[in-house]
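A.B. asks: In the numbering used here, the protein residues as written are 85 to 923. Where is the CB? At the ideal position from N, CA and C, for every residue including glycine. My questions all concern the structure below.
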């Protein structure tokens, strides 16, 4: 094959090409040699001398395809509607494959002629430098400030519309002659505007071709030169199929397709093969597959909309039939099965883009339109915890906007009810254990239910959080009584961390403490928990009742992770004090050894920072030290003040303890007692019997402390009383017959249990701390903002405080008034609802 341009006889060459096209488009056998010759012929026409014949070849090919599709249309219809789908699919399958081969045969025309004339999106929007392109010039033409351009924009619009919609040479000639008569060309030639110059070239070209033209070929040439809208041959073939086959048969095809799908729904044998139904439907997509945008437009407008409407009517009828059974559970199962069935059918027949629409249409008619019917059984399902029914309801409701809200709210109320029931009737000394473990059981149960039934849907996880928060922060007696959750959780942790927790391994303790953080995170009044926890931690540390220092530190780290360092800073300082006190004891013992001082007893102390330990409000009980302790106390005070000048030591005797060796019994015992108990027992070293009045006066104890500690010694049977009720005249004596299985034991009553007074004292301390916290927050905010409206100030204070506690608006208002009295802030002169900071 020679690549050199030459003269070509179009009619002879086109005749040979047309015979080959016939074989290609009908999938007849075409020998390789013939294929190669026709490929060369296409090339020869595109580069023919003296003028290429590509446009003419394109026009003849288009006419042939139009004629061929017209003949196929007659064949498709010749058997009537009975075989319309079958015949359509048969010829479409043949034509679609043949058009691909034809596209390959015209490879040179497609690549070197058509593609070079196509306008890109950018060229259409921003224009092109091609002087023969009319459309982009028109776009720029409208934007021009040239008077000539403005004058004839309307004329060019008319010309452009005719090119777009007409192939009539008379109309084209008429418009061109009209333009010529207006002497537009002369005006363009005189204009200095660049666009006018380009338009002049286009019109000159058109005038040369059109008036002397009397064939459709030349008219197409005119249109192509101006518009540049030729399609590649494969695209052209599909476009011809759409206009010549689908356009006249579309309605009939859709009717037959919908009937076939209805037959499939009814379980009947299809009158046409499944392959033919699916292939016909997908042909509506494939004929527009070459488009950059709107590839599914024909499919959606011609078929999908009608299919969805017909399916909607079918779903309505099915729903009405199922509703007659009045069984919600059965209805949901059948609707779910129906949706799955329709999705399976959609996958088998339709384009993948229709799957979601089919599901949505089914849900709309079978679920969304009957929500009240489903909701009628919602409460019973949730209360009965019917997991299968709940799962079905969730699956049906989740795809419908806001439909799931009722189910979420019902689950929330149910969890709340179960949670309050779990903690509502707790009694006895171990309320705190039942409280935390019952709440954890409720939490775990419904978290698992949400994970299994509702697929961990965030709406239901949020409902679980709200329900748990409501239960844990519940205030009995219609909100009049305080919430006890912080106190009970602190006691639960205290029970686990004490040495007294028996029958539980360290790993179990660690696991339970980790789970307690779940409850902690829901507590609003975290500052109350911190108060109780720090008091109990102090007692564990002071009385050496901690089961494991590692467990203590791990728990504090969990609290820090949940609330930040500030929340646990005092707890960390308590541990630091214990470490510092250990070092201080070593130095004190070295000091005694250095000065050869013998105290006569083993003596150790804890020096605690008043600001870190929750002991500042503890009442210092009057107490006369026993002679045996005076030297030790005096020596330590002297040692401490020499090392730390200016520090004040306050002795908290009620928190001290001692070990006494009982040598007056048949066998020796070592007993751990509280300081006041020790002082009472030491008095019996010099007397066999003592009256209560005498003991009390000697030790200078207040009646409450004296009563509590004497009773504990009597109950432990170390002392005997001559009366059942203690009076000032009751005589106490040592129990010389005392015996115990253990030689070393502790009088447990020596550690005072939490009293209502101490709980009230803790709560009062919390209230005072909250007032100071809020006042500090208000000052920080006002110092930063200078001037702020009342409502905005309350919002910002609440936002800063909610991590520790949820302050009431009334408390914030009182704090504001307090700061006004203290002259930190003031109301602005022009508004009582606005505050300014006083520097």
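Taking the alpha-carbon positions, what's the residue 576 to residue 534 distance?
C.D. replies: Whole-angstrom Cα-Cα distance: 27 Å.
A.B. asks: Only counting the same chain, and skipping five residues up and downstream in sequence, which positions put a Cβ closer than 7 Å to that of residue 144?
C.D. replies: 98, listed in sequence order.
A.B. asks: DSSP three-state call for residue 924: helix, strand or coil?
C.D. replies: Absent from the model: residue 924. The displayed extent of the chain is 85 to 923, so no value can be given.
A.B. asks: Assuming the contact rule is C-beta atoms closer than 8 Å, residue 427 and residue 415 should be a hit. Round their C-beta distance to whole Å, please.
C.D. replies: Not confirmed; about 19 Å, so no contact.
A.B. asks: Identify whether residue 681 lies in helix, strand or coil by the three-state DSSP scheme.
C.D. replies: Looking at residue 681 - three-state DSSP - the assignment turns out to be coil, as it is neither helix nor strand.
A.B. asks: Reducing DSSP to helix, strand and coil, say where residue 742 ends up.
C.D. replies: It is a strand residue.
A.B. asks: For residue 622, write down the residues that DSSP places opposite it in a beta bridge.
C.D. replies: Residue 622 pairs with nothing; no bridge assigned.
A.B. asks: Buried or exposed for residue 112, please, with buried defined as at least 16 other CB atoms from any protein chain shown within 10 angstroms of its CB.
C.D. replies: Under this definition residue 112 is an exposed residue.
A.B. asks: Between which residues of its own chain and residue 921 is the CB-CB distance below 7 Å, once the five residues before and five after are set aside?
C.D. replies: Result list for residue 921: 866, 867, 870 and 909, in chain order.
A.B. asks: From residue 670 to residue 830, what distance separates their C-alpha atoms?
C.D. replies: Computed Cα separation, rounded: 26 Å.
A.B. asks: What separation, rounded to the nearest whole angstrom, lies between the Cα atoms of residue 221 and residue 139?
C.D. replies: Low per-residue confidence applies at residue 221: pLDDT is 46, beneath 50, and the placement is therefore not dependable enough to give any value.
A.B. asks: When you compare the CB positions of residue 474 and residue 451, do they come within less than 7 Å of one another, or not?
C.D. replies: The answer is no: Cβ separation not under 7 Å.
A.B. asks: Just to confirm my understanding: we take residue 583, look at its own chain, exclude 5 residues before and 5 after, and list those with CB closer than 6 Å. What are they?
C.D. replies: Once the five neighbours on either side are set aside, the close Cβ partners of residue 583 are 629 and 631.
A.B. asks: What would DSSP say about residue 584, mapped onto helix, strand or coil?
C.D. replies: It is coil, neither helix nor strand.
A.B. asks: Going by DSSP, which residues form a beta bridge with residue 774?
C.D. replies: In the DSSP output, where bridge partners are listed per residue, residue 774 has 816.
A.B. asks: Is any non-hydrogen atom of the ligand SAH found closer than 6 Å to the C-beta of residue 409, if you look at the structure I gave you?
C.D. replies: No copy of the ligand SAH occurs in the structure displayed, which carries no ligand at all.
A.B. asks: For residue 380 and residue 152, what's the separation of their Cα atoms in angstroms?
C.D. replies: Their backbone Cα atoms lie some 25 Å apart in a straight line.
A.B. asks: Given residue 438, which residues of its chain have a CB within under 7 Å of its CB, disregarding the five upstream and five downstream residues?
C.D. replies: Cβ neighbours of residue 438 beyond the five flanking positions: 388 and 430.
A.B. asks: List the endpoints of the continuous beta strand (DSSP E) containing residue 829.
C.D. replies: Counting along the chain, the beta strand (DSSP E) containing residue 829 begins and ends at 828 to 830.
A.B. asks: Is the segment 844 to 859 touching the segment 605 to 614 in the sense that three or more CB pairs, one from each, lie closer than 8 Å?
C.D. replies: The segment 605 to 614 is in contact with the segment 844 to 859.
A.B. asks: Taking the DSSP output, what are the residues bridged to residue 911?
C.D. replies: Looking at the DSSP assignment, residue 911 forms a beta bridge with 919.
A.B. asks: Using 7 Å as the threshold, is the C-beta distance between residue 698 and residue 622 below it?
C.D. replies: Yes, the pair counts as a contact, with Cβ atoms nearer than the cut-off.
A.B. asks: Is there a Cβ of chain B sitting closer than 7 Å to that of residue 378, yes or no?
C.D. replies: Within the model displayed, chain B is absent; a lone protein chain is all it includes.
A.B. asks: When you compare the CB positions of residue 164 and residue 328, do they come within less than 7 Å of one another, or not?
C.D. replies: No, they are not a contact pair.
A.B. asks: Verify whether the separation of the beta carbon atoms of residue 640 and residue 625 is less than 7 Å.
C.D. replies: Not a contact, by the Cβ cut-off of 7 Å.
A.B. asks: Indicate the three-state DSSP secondary structure (helix, strand or coil) for residue 758 in the structure shown.
C.D. replies: Strand.
A.B. asks: When you compare only the Cα positions, how much space is there between residue 680 and residue 722?
C.D. replies: One C-alpha to the other measures close to 15 Å.
A.B. asks: Going by DSSP in three states, residue 371 sits in which element: helix, strand or coil?
C.D. replies: Coil.
A.B. asks: Kindly indicate the opening and closing residues of the alpha helix (DSSP H) around residue 490.
C.D. replies: That run of the alpha helix (DSSP H) goes 489 to 508.
A.B. asks: Under the DSSP definition of a beta bridge, which residues are partnered with residue 873?
C.D. replies: Bridge partners of residue 873: 918.
A.B. asks: So if DSSP puts residue 76 in a beta bridge, which residue, or which two residues, is it bridged to?
C.D. replies: In this structure the chain extends from 85 to 923, so residue 76 is not present and cannot be described.
A.B. asks: Here's a check: name, in chain order, each residue in its chain whose Cβ is nearer than 6 Å to the Cβ of residue 675, leaving out the five neighbours to either side.
C.D. replies: Cβ within range, chain order: 723.
A.B. asks: Does the distance from the CB of residue 710 to the CB of residue 771 come in under 7 Å?
C.D. replies: Cβ distance not < 7 Å, so residue 710 and residue 771 don't count as in contact.
A.B. asks: Does DSSP put residue 95 in a helix, a strand or coil?
C.D. replies: Residue state, collapsed to three classes: helix.
A.B. asks: Taking the C-alpha atoms as reference points, what is the distance between residue 206 and residue 376?
C.D. replies: Interpretation of residue 206 is limited by its pLDDT of 45, a score under 50 that renders its predicted location unreliable; the figure taken from the coordinates is listed afterwards. Roughly 14 Å separates the two Cα atoms.
A.B. asks: Is the beta carbon of residue 498 closer than 7 Å to that of residue 466?
C.D. replies: Contact flag set, yes.
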